[in-house]
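Visitor: Counting from 15, one number per residue, gives the positions in the sequence shown under my numbering.
Yeah, the Cβ is synthetic: ideal placement off N, Cα and C, and Gly gets one too.
Being a predicted model, the structure only gives us computed values, none of them experimental.
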Amino acid sequence: MTEHFSLPIQYNGSTCYTIELRDSFDDFYHFLVTMNLQSKRLCVVTDSNVNMLYAEKFVRNLEQCGCQNVTKFVIPAGEENKTLTVIEELYEHLIIHQFDRSDVLIALGGGVTGDMTGYAAATYLRGIRFIQVPTTLLSMVDSSIGGKTGVDFNGYKNMVGAFHQPSLVYVNLSVLKTLDQRQIAAGMGEIIKHGLIRSKVYFDWLADNADNINALDKSALSKMIFESQKIKKNVVEADPTEKGERAHLNFGHTIGHAIEKALDFKLLHGECVALGMVAAAYISHLKGNLSKDDLEYVERVNLFYGLPVRYYGLDTESIMANCCHDKKKDGNVIKYVLLESLGRCYTATDVLEAEIRESVLYLMSKFPFPELIYNEKKE
């Protein structure tokens with residue numbers, strides 16, 4: 015397994031786009047030429063953090079390769095800026111620079127940048143092309159794949175959005191070196207989720223290889239990213255617009271999103287997903303699907319990667335209210351993804367309010383593993 019691979023995403027029997035894994039941005043222009051986009055207007059959408067790191071170099075390389083119509087739009091970093099107001103500013107940028115339906119947006123950043131760029135691409139002139147260039151581990155394995163785009167509304171996650179497939183997902187493994195350990199851990203939240211919902215073999219591999227992955231060993235990282243992307247690929251190909259099994263990717267997200275909002279986005283998305291997975295695993299235990307050992311195994315693997323399994327001082331009522339506003343509701347029923355066993359999941363419609371409350375209380379119970387050092391309440 016090398017650091018270079020191409021993974022096709024197919025719908026209705028034909029390839030819609032490919033995921034390309036590289037260890038630099040050197041090949042990016044080649045793919046623009048392959049898609050005959052090098053002469054189009056290109057808008058690189060990035061956030062203020064990525065802009066300081068390498069967005070200027072990325073734009074300069076495009077211009078040096080021969081792209082003559084490149085602009086840049088910078089989004090203020092942070093989930094709190096994932097709003098329609100910022101989208102309106104991006105629309106204005108595109109109008110001023112005379113972008114038409116043949117032109118392209120390039121999302122250079124993490125999940126917030128990718129979601130917002132995709133939504134702008136889906137709605138500007140009723141749809142233009144866009145390319146995902148994810149720069150966080152979380153976005154490399156999750157949000158850049160599958161065409162889900164959106165923005166938050168009044169603090170509610172991704173309440174406004176559209177399905178709009180990218181033309182390319184280009185992953186540069188080397189950018190992970192610019193992330194701090196907390197950002198890497200946040201990405202692991204979604205990766206652990208993939209193992210729990212689809213492959214116990216992969217979940218066990220993550221448990222056994224934590225030291226190499228935490229050390230950012232390139233071989234371990236590339237194998238891990240490839241395996242997670244394959245799981246995401248198989249799910250979204252089977253259900254591109256979330257009519258059925260794609261909802262399984264929401265494992266850990268119902269309570270995770272509710273916690274995220276209740277804490278005013280103090281924790282990163284992947285950290286909230288980790289707490290949500292523990293809560294969902296606990297409910298799965300209450301339902302008789304997981305043993306106590308299974309539940310503790312889920313918690314230990316999250317801890318191996320620096321993810322929270324407890325958070326004291328949660329506002330239970332606020333979390334319950336946020337769950338009731340979850341976008342995955344069907345009428346008055348919250349679709350809740352539970353584990354049938356480690357590596358297998360299902361969508362439940364029989365989760366009781368009392369069980370959700372009990373799972374939130376469980377997240378505030380005594381820390382179970384004194385031999386594993388963890389700051390139980392991250393600020």
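I'd like to confirm the pairing. Which residues does DSSP put opposite LEU56 in its beta bridges?
Guide: In DSSP, LEU56 forms a bridge with VAL84 and VAL118.
Visitor: If contacts are defined as beta-carbon pairs under 8 Å, then ASN228 and TYR319 qualify, I think. What distance do you get, rounded to the angstrom?
Guide: 7 Å between Cβ atoms; contact.
Visitor: With TYR311 as the anchor, note down where its alpha helix (DSSP H) starts and where it stops.
Guide: Unbroken alpha helix (DSSP H) run through TYR311: 306 to 318.
Visitor: In this structure, how does DSSP classify ILE142 when only helix, strand and coil are distinguished?
Guide: Residue state, collapsed to three classes: coil.
Visitor: Looking only at its chain, what residues have a beta carbon closer than 8 Å to the beta carbon of LEU230, apart from the 5 residues adjacent to it on each side?
Guide: LEU190, LYS191 and ILE198, listed in sequence order.
Visitor: Just curious, the beta strand (DSSP E) that VAL351 is in, first and last residue?
Guide: Start and end: 350 to 355.
Visitor: If I measure Cβ to Cβ from ALA234 and keep anything under 6 Å in the same chain, skipping five residues before and after, which residues do I get?
Guide: These residues qualify, in order along the chain: ASN223, ASN226 and ILE227.
Visitor: From CYS57, ARG36, LEU328 and HIS44, pick the residue whose C-alpha is nearest to that of GLN112; which is it?
Guide: Among CYS57, ARG36, LEU328 and HIS44, the Cα nearest to that of GLN112 is on CYS57.
Visitor: Distance, Cα to Cα, GLN243 vs GLY160?
Guide: So the alpha carbons of these two residues sit roughly 10 Å apart.
Visitor: Near MET332, what residues of its chain come up, given a Cβ to Cβ distance below 6 Å and the 5 sequence neighbours on each side ignored?
Guide: Checking the sequence shown, residue 332 turns out to be Ser, not Met. The residues are ALA276.
Visitor: Do the CB positions of LYS214 and LEU352 come within less than 7 Å of each other?
Guide: Taking 7 Å as the Cβ cut-off, LYS214 and LEU352 do not qualify as a contacting pair.
Visitor: ASN26: which of THR255, ALA293, GLU354 and GLY284 sits nearest, CA to CA?
Guide: For the residues THR255, ALA293, GLU354 and GLY284, the minimum Cα distance to ASN26 belongs to THR255.
Visitor: Can you tell me which of the three DSSP states THR131 falls into?
Guide: Of the three classes helix, strand and coil, the one that applies to THR131 here is helix, per DSSP.
Visitor: How is GLY92 classed by DSSP in three states: helix, strand or coil?
Guide: If DSSP states are grouped into helix, strand and coil, GLY92 belongs with coil.
Visitor: Can you give me the Cβ contacts of SER28 inside the same chain, cut-off strictly under 8 Å, excluding the 5 residues immediately before and after it?
Guide: If we look at SER28 and ignore the five residues flanking it on each side, it has no Cβ neighbours.
Visitor: DSSP state of ARG324, grouped into three classes?
Guide: Looking at ARG324 - three-state DSSP - the assignment turns out to be coil, as it is neither helix nor strand.
Visitor: Answer yes if the segment 49 to 68 comes into contact with the segment 85 to 102, meaning at least three C-beta pairs across the two stretches below 8 Å, and no otherwise.
Guide: Result yes; three or more Cβ-Cβ pairs closer than 8 Å.
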